[in-house]
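Student: Shown below is the structure under consideration.
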Amino acid sequence: MENILLSAFDTAPFSQIKTTDYEPAFNEAIKQAKAEIQQIITNTDAPTFENTIEAMSFSGMQLDRISNIFFNLNSAETNEELQKIAQIVAPKLSAFGNDISLNPELFKRVKQVFDTFDKSTLTTEQITLLDKTYKGFVRNGALLNDDQKTELREIDAQLSVLSLQFNENVLAETNAYQLHITNEEDLAGLPDGVIEAAKNLAEQQEKSGWIFTLDYPSYLPFVTYAKNRELRKEIAIANGKKGFQKNDYNNEEIVLKIVKLRNQRAQLLGYKNHAAFVLEERMAQNPEKVLSFLNDLLVKAKPAAKKEFEELTAYAKKLDGIDRLEKWDGSYYSEKLKQERFNLDDEALKPYFKLENVLNGSFTVAEKLFGLHFTEVFTVDKYHADVQTFDVTNDNGEKIALLYTDFFPRKGKRNGAWMTSFKSQWIKNDVNERPHISIVCNFTPPTQSKPSLLTFNEVTTLFHEFGHALHGMLANTTYPSLSGTSVYWDFVELPSQIMENWVYQPETLALFAKHYETGETIPQQYINKIKESANFLEGMATLRQLSFGLLDMAWHSKNPENIGSLKEFENQEFETTKLYPDVAENVMSTAFSHIFAGGYAAGYYSYKWAEVLDADAFDYFEQNGIFNKEIATKFKDFVLSQGGTDHPMTLYKKFRGQEPSPNALLKRAGLI
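Take 1 as the starting number for the sequence shown in our numbering and just add one per residue.
See the structure below:
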């Protein structure tokens, strides 16, 4: 019987894929990709850009499609079978990658093109591809001797499995905990919608009462609104000790193995540490520059953060006689203080943020800025009933992309929010293949009495992921490896973070923030309060982000061989950014998926880095009108459509006319 994954298809044929198809499909696609590479190596013509670099860029396309489908499902709709397959195929894919990057004959051809090409005959995109291909070989061990190459292969195989194990353990820990409440008094302070969702969850499990979990739509409202301090403490500690318990899902050993292997790998390739290796291919260039960037912001944010923390502590003491503010008190008293100071209650805002309206709002913003149109289609195969699919076209009716959206938590889906793709964009034989992009989030699902209503924070999350999606959908490059979000990691957050700015604008909110029952547009006083409260506790929020960035840099720029205890190491690294007392049972690193399973290793600083870019870029819009078509077109032409075809700073300056200044960010954050 035919394996559907090995046939030709445009949209992913989810309903026709059997779990047993994956492993044989991977094996066959790897074999095909190897044959394509072999053809390049055995070509008797002299190496040229076309027969070597371009041919490599378009090799392994079937394997890429299968990988995209499989690993996206392993994040959004996993089960034990998929996880087992992931453990089997990850080392195979790692070995395949090494078979290419460590192949001396292939490297010889690439090096010959690199050493002899005439720049005047290539486009900027082609020069970038050549440079990236050559560097890719060198950075993956092409200049090593045979013994070193073997060692590199072993390290890569181990790392591919360890990051999967890390993720599976975090998911298992998230799923293992439940706070089961049977006494109605323990629900005091919680909004009706949150209580109803918890009751639904209990009913699904055929239990009485209410169930709260570590999924964010359940966890965050609980620690933000629940009056019962002991229960807030219980669930917060449970959340903070994921991967740090004496059970089968402990991630301590895995973290230490990962950082040691990354360090070994970097040194094998001639770099001082993993951060030096990673940052060579980033806008920031080296660890010293990142640490200087983070510490400069720390100097500016710390006084504000300490002052805010003292205010919050005094407020908790005044309100409830709390002598010492703990981590499980932070969200609760912050929300209370915010309500008191701005008379702004997240729960009062939620009726204006019905999920469907917010999504349509993001579509309208994209239409006003970039001339995009979104039409829901019902003929595209989906992997879950919650998923929606949209055809994306431009003003001329041309197809731009297919968009998948997947918004609600479920058992087989990891926490958080992300954008991904099921098919890249590229141009070959004059055909512009359009991308299939997906946004995955975890918002509060609708209940019997209410639709899905978002907090303002979730509205910004949706716009953030939609910004990533625009980067993917508007891609317009020749080569798939340079398309869409395939950019320097510290540039990738610019399109997502700039989109968040529109959510704070009255003009934007007027488009979609309408009461789900009455249709009334959000009152101006609420809009004013949203804007006023945008900087609320911004010093503390900045300090928190900086602490994550500094911890990440510590893991990847210090010698990990001397680290014995994760807890001691973290406490030491958090010393300069610490506000709350330490919680003995908790550690962050064992569930810090961004850096141990998500590609942000030595890159977490890039959120702040991109904030400098996005504040500066949005400042340009604000000066000329937030829906200014001319500036939007420049942003589309020089940033969103260009992918990784040129250096990010070159692209940014083409759009903005100058390098970014951090002043716009500091001003926006109220730190200057």
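Note that CB positions come from ideal geometry on N, CA and C, so glycine has one too.
Helix, strand or coil for Y249 per DSSP?
Tutor: The answer is coil: DSSP assigns Y249 none of H, G, I, E or B.
Student: Are the CB atoms of M1 and L291 nearer to each other than 9 Å?
Tutor: It is not a contact, given that the beta carbons lie outside the stated cut-off.
Student: Nearest-angstrom Cα distance between R139 and Y271?
Tutor: Their backbone Cα atoms lie some 10 Å apart in a straight line.
Student: Any beta carbon from chain D within less than 9 Å of S101's own beta carbon?
Tutor: Although the question refers to chain D, the structure presented lacks it and comprises just one protein chain.
Student: So, helix, strand or coil for T393, using DSSP?
Tutor: Strand.
Student: When we look at the beta-carbon of N562 and count the other beta-carbons within 10 Å, is it buried (16 or more) or exposed?
Tutor: By the 10 Å Cβ count, N562 comes out exposed.
Student: Given that a residue counts as buried once 16 or more other Cβ atoms are within 10 Å of its Cβ, and exposed if not, what is P24?
Tutor: Counting Cβ neighbours within 10 Å, P24 comes out exposed, since fewer than 16 surround it.
Student: Below 9 Å between beta carbons: does that hold for L566 and V583?
Tutor: Cβ atoms of L566 and V583: not closer than 9 Å.
Student: With H, G and I counted as helix, E and B as strand and the rest as coil, what does DSSP make of A401?
Tutor: The answer is strand: DSSP assigns A401 an E or B state.
Student: Check the DSSP bridge columns for W609 and list the partner residues they point to.
Tutor: Answer is none; W609 lacks a bridge partner.
Student: Sort A188, S557, N535, F378 by Cα distance to E288 and report the nearest one.
Tutor: Cα-wise, what sits closest to E288 is S557.
Student: Does the beta-carbon of A198 have 16 or more other beta-carbons within 10 angstroms, so that it is buried, or is it exposed?
Tutor: It counts as buried.
Student: Using the beta-carbon count (16 or more within 10 Å), is E81 buried or exposed?
Tutor: By the 10 Å Cβ count, E81 comes out exposed.
Student: What did DSSP end up calling H384 once you bin it into helix, strand or coil?
Tutor: If DSSP states are grouped into helix, strand and coil, H384 belongs with coil.
Student: Buried or exposed for V259, going by 16 or more other Cβ atoms inside 10 Å?
Tutor: The residue in question, V259, is buried, as its Cβ has 16 or more Cβ neighbours within 10 Å.
Student: Are the CB atoms of L454 and K531 nearer to each other than 9 Å?
Tutor: In this structure, K531 does not lie closer than 9 Å to L454 by Cβ.
Student: With DSSP run on the structure shown, which of helix, strand or coil describes S75?
Tutor: DSSP places S75 in helix when its eight states are reduced to three.
Student: My output table needs one value for D673: the three-state DSSP class, helix, strand or coil.
Tutor: With the chain running from 1 to 672 in the structure shown, residue 673 is simply not present.
Student: DSSP three-state call for K578: helix, strand or coil?
Tutor: Three-state result, K578: coil.
Student: So for S483, helix, strand or coil by DSSP?
Tutor: The answer is coil: DSSP assigns S483 none of H, G, I, E or B.
Student: On the three-pair Cβ rule with 8 Å, is the stretch 295-312 touching the stretch 572-579?
Tutor: The stretch 295-312, when compared against the stretch 572-579, does touch it at the 8 Å Cβ threshold.
Student: Here's a check: name, in chain order, each residue in its chain whose Cβ is nearer than 8 Å to the Cβ of R265, leaving out the five neighbours to either side.
Tutor: Closer than 8 Å at the Cβ level, and outside the excluded window around R265, lie L152, I155, D156, L159, H274, F277.
Student: Can you tell me whether D45 is buried or exposed? The criterion is at least 16 other CB atoms within 10 Å of its CB, across all chains shown.
Tutor: Flag for D45 reads exposed.
Student: Select from G657, P581, M649 the residue whose C-alpha is nearest the C-alpha of K327.
Tutor: Measuring from the Cα of K327, the nearest candidate turns out to be P581.
Student: Could you tell me whether the Cβ atoms of A301 and L551 are closer together than 9 Å?
Tutor: No, the Cβ-Cβ distance between A301 and L551 is not below 9 Å.
Student: Looking only at its chain, what residues have a beta carbon closer than 8 Å to the beta carbon of L164, apart from the 5 residues adjacent to it on each side?
Tutor: Q83, A86, Q87, A90, A597.
Student: Given 8 Å as the limit, is there contact between the stretch 593-610 and the stretch 173-180, that is, 3 or more CB pairs closer than that?
Tutor: Contact between the stretch 593-610 and the stretch 173-180 is absent, because fewer than three Cβ pairs lie under 8 Å.
Student: Closest to R656 by CA distance: which of E281, D619, I237 is it?
Tutor: When each option's Cα is compared against that of R656, the closest is D619.
Student: Restricting to runs no shorter than 4 residues, where is the alpha helix (DSSP H) found entirely within the stretch 62-136?
Tutor: Entirely contained in the stretch 62-136, the alpha helix (DSSP H) runs reaching 4 residues are, in chain order, 80-101, 104-116.
Student: With a threshold of 7 Å on Cβ separation, who are the neighbours of H674 within its own chain once the five nearest residues in sequence on each side are excluded?
Tutor: The requested residue 674 is not part of the displayed model; the chain covers only 1 to 672.
Student: Give me, in chain order, the residues of the same chain whose beta-carbon lies closer than 7 Å to that of D646; leave out the 5 immediate sequence neighbours on both sides.
Tutor: Closer than 7 Å at Cβ, skipping near neighbours: T124, T128.
Student: Could you give the C-beta distance for T393 and Y404, rounded to a whole number, given that I count them as a contact under 8 Å?
Tutor: Their Cβ separation, rounded to whole angstroms, is 16 Å, which puts T393 and Y404 out of contact at 8 Å.
Student: Quick check on DSSP: helix, strand or coil for F675?
Tutor: It is not possible to answer for residue 675, since the shown part of the chain is limited to 1 through 672.
Student: Where DSSP assigns a beta bridge to F374, which residues make up the other side?
Tutor: V392, per the DSSP bridge assignment.
Student: Assign I626 to one of two classes, buried (16 or more other C-beta atoms within 10 Å of its C-beta) or exposed (fewer than that).
Tutor: Buried: at least 16 other Cβ atoms inside 10 Å.
Student: Whose CA, out of M499, P506, F548, lies closest to the CA of F635?
Tutor: F635 has its Cα closest to that of M499, out of M499, P506, F548.
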